[in-house]
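*Asks:*
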Amino acid sequence: MVIPVALRGIVRSTWRVRAFHGAAVRRTATEPPAGATSEDIPSFFNKLPEKLILESNGMKPTTAENQLDTLRYYKLLRAEGFSTKQTNYIIQLLLSVLNEQFFDHYNSRFLRNMELENQSHLFHAAESELRYSIQNSRESAINEQSLQLMKLNRELHVCRDELNELLINLLQKDSRVDFSDHKSENTLLQRDINIRLRDCNNRIGTKIIGQIKFEIENLRWQTTRSGLFAVLILVFFIMSGASISRRIAAEHDKPMEVVLHTVEPEERELDDLPLADEQLLKGADIDDL
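Oh and the sequence shown: position 216 is 565 in the numbering used here, straight run, nothing missing.
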């Protein structure tokens, strides 16, 4: 009955070691190592798993001899009545069982996986930092290119304004020269037109004056002829009037013959009727008014 009690204590200690290393594995798998940086990533691809375990910043590979307090177990076994040889055999057996059943698997699987996870975490952290730096460099490059583009656009606008100003000045000079040429041509043309107008005015005036003189002469001749005809007609009328007046005077100078006529009563009544009608008509008109 003594051996199982001692072995139970050793087994409990073994399970404590397992629980401690399991907690360490979970803690190191979820948290990155304190001194991990992005500079450690290139070494990840050049190392074997054993080197990763040996040179890692996490848990180191270990054995049962390093994790168990063999002296305490030795004292316990000796206190339980085991001999020295038996105690050594039991401790060696326990160490070999723990190494075969737990620590070999722990060193080959858990530490390697933990280190791989740590290196993967470092890789992802470096990847995120690299992406962030690339994004920042890209944005800074885009901003620089935008600034350069704005400067180029500003310089282009300045050059365009200067070119437009030069073109405007050249066009103004050309337009001034053309304007002066056209002005001189217009002046010469105006002089020529004025000379032609004066010539036309002189010709038209001469023709009009000649026609007016001709019309005046015709009118003078017509008036003279009309005057002569009028004088002749007047003389004719005067002569006619004189002859008529002579005839009338001769007729008045002749003795007058008196003719007596007897009026009968019937004729007198007939003569009075028109007079009565006229008086009646006059009275009716007065009444109407």
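Glycine included, each C-beta is placed from N, C-alpha and C at the ideal position.
(1) Under the rule that 16 or more other beta-carbon atoms within 10 Å means buried, what is residue 440, buried or exposed?
(2) Ends of the alpha helix (DSSP H) at residue 435?
(3) Tell me the start and end of each unbroken alpha helix (DSSP H) in the segment 484–566 that is at least 4 residues and wholly inside, in chain order.
(4) Considering only C-alpha positions, which residue in the set 447, 434, 484 and 595 is nearest to residue 414?
(5) Straight-line CA distance for residue 506 to residue 497?
(6) Residue 412 and residue 423: beta carbons closer than 7 Å?
(7) Note down the Cα distance separating residue 580 from residue 591, rounded to an integer number of angstroms.
(8) Among residues of its own chain, excluding the 5 on either side of residue 556, which ones have a beta-carbon nearer than 7 Å to its beta-carbon?
(9) Within the continuous alpha helix (DSSP H) that includes residue 417, where are the two ends?
(10) Write down the C-beta distance between residue 444 and residue 417 rounded to the nearest angstrom, noting that I regard them as a contact closer than 8 Å.
(11) Measuring only the C-alpha atoms, how far is residue 562 from residue 548?
(12) Quick check on residue 412: does DSSP put it in helix, strand or coil?
(13) CA-CA distance, residue 467 and residue 486?
(14) Let me confirm a value: residue 471 is counted as buried when at least 16 other C-beta atoms fall within 10 Å, else exposed. Which label applies?
(15) Looking at the structure shown, is residue 430 part of a helix, part of a strand, or coil, going by DSSP?
(16) Report all residues from its chain with a CB closer than 6 Å to the CB of residue 586; omit the five preceding and five following residues, and keep chain order.
*Replies:* Looking at the coordinates:
(1) buried
(2) 433–447
(3) none
(4) 447
(5) 14 Å
(6) no
(7) 16 Å
(8) none
(9) It is not in any alpha helix (DSSP H) - residue 417 carries neither H nor E in the DSSP assignment.
(10) 7 Å
(11) 21 Å
(12) coil
(13) 28 Å
(14) buried
(15) coil
(16) none
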